[in-house]
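Asks:
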Amino acid sequence: MGIIRRGARRVAEVVARRVARNHLFEQPGERPPTPPLPPAADAGEAAEQPSAAEQPSAAEDADPAPSPSPGMTGVVDPAGSGCVPADIAALRAALGPGRGVRVVNHWATWCDPCVEELPELRALAGDLPAGVSMIGVSWDLFDPRGDAGTVARQVAEFSAENGMSWPSLLVTADEERFFADLDVRWPRIPQTWLLDDEGAVRVRVEGVLDEAGVARLRRAIEEACR
3 MGIIRRGARR
13 VAEVVARRVA
23 RNHLFEQPGE
33 RPPTPPLPPA
43 ADAGEAAEQP
53 SAAEQPSAAE
63 DADPAPSPSP
73 GMTGVVDPAG
83 SGCVPADIAA
93 LRAALGPGRG
103 VRVVNHWATW
113 CDPCVEELPE
123 LRALAGDLPA
133 GVSMIGVSWD
143 LFDPRGDAGT
153 VARQVAEFSA
163 ENGMSWPSLL
173 VTADEERFFA
183 DLDVRWPRIP
193 QTWLLDDEGA
203 VRVRVEGVLD
213 EAGVARLRRA
223 IEEACR
């Protein structure tokens, strides 16, 4: 009986982990519709698009990001690739002011919708204006397959195998603190932000990137680079 109980407990734990992980995915039918682009949008107009869901959808007022902690100088080369573990201080530094205009993609290797949008991300990354960078924020440790160092290597290998030329930061904080401290308003992946040089979020595209989402990002990039 002891063996049976232990086996049943093990199965229950695996199921619980899978259920928890699936709650981080965009679920079928829950993606908010992307509103049409305005005929002549500036950054302010792009931020005023209404939301069709409980959480903000594709565009926001520019949201000021937390100031970086003193002494933080960043943890990845924006022009490089790979993955490094990042605590809250490192994330605040990398996503804060003084880092230029950035496309920030929240993702995980075990997230099927994240893999689905990779062609759009690769195309966008290959056509960014000078001075604009792309960075990934990996949620892989929310369903860990090892310690932070091991998972970071797994993420780096996955990135290389899938042609992801941009670096990723592996979130080492727990989910609740990460969502609160980084102002993550929609606790699902994938989602992609556009940050300006002040660290303000100009646009949030929540769900798998499509043509409309990419168009919103490109419009916001043009505005942020002026």
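In this note's numbering, the protein residues as written are 3 to 228.
The beta-carbon is built from N, C-alpha and C at its ideal position, and this holds for glycine as well.
From a predicted model like this one, the values you see are computed outputs, not experimental measurements.
#1: Can you tell which of Ile137, Leu143, Trp195, Ala222 has the C-alpha that lies nearest to the C-alpha of Ser167?
#2: Indicate whether Arg94 and Leu197 have their beta-carbon atoms separated by less than 8 Å.
#3: Please classify Arg147 as buried or exposed, where buried requires at least 16 neighbouring CB atoms within 10 angstroms.
#4: Check for me: the alpha helix (DSSP H) holding Pro189 runs from which residue to which?
#5: Looking at the structure shown, is Leu126 part of a helix, part of a strand, or coil, going by DSSP?
#6: Going by the CB atoms, is the gap between Val186 and Leu172 shorter than 8 Å?
#7: On a Cα-Cα basis, can you pick out the residue from Val205, Gly209, Arg228, Gly98 that is closest to Val218?
#8: In whole angstroms, what is the alpha-carbon distance linking Gly84 and Glu200?
#9: Hey, how far is the Cα of Gly215 from the Cα of Asp114?
Replies: The short version:
#1: The option with the nearest alpha carbon to Ser167 is Ile137.
#2: Cβ distance not < 8 Å, so Arg94 and Leu197 don't count as in contact.
#3: Of the residues assessed, Arg147 falls on the exposed side of the cut-off, its CB having fewer than 16 other CB atoms within 10 angstroms.
#4: Taken as a continuous stretch (DSSP letters only), Pro189 belongs to no alpha helix (DSSP H), as it is neither H nor E.
#5: Shown here, Leu126 sits in a helix according to DSSP, grouped into three states.
#6: Taking 8 Å as the Cβ cut-off, Leu172 and Val186 do not qualify as a contacting pair.
#7: In the sequence as presented, Val is not what sits at residue 218; that position holds Arg. Nearest Cα to Arg218 within the set Val205, Gly209, Arg228, Gly98: Val205.
#8: Near 25 Å, if we compare the C-alpha coordinates of Glu200 and Gly84.
#9: Whole-angstrom Cα-Cα distance: 18 Å.
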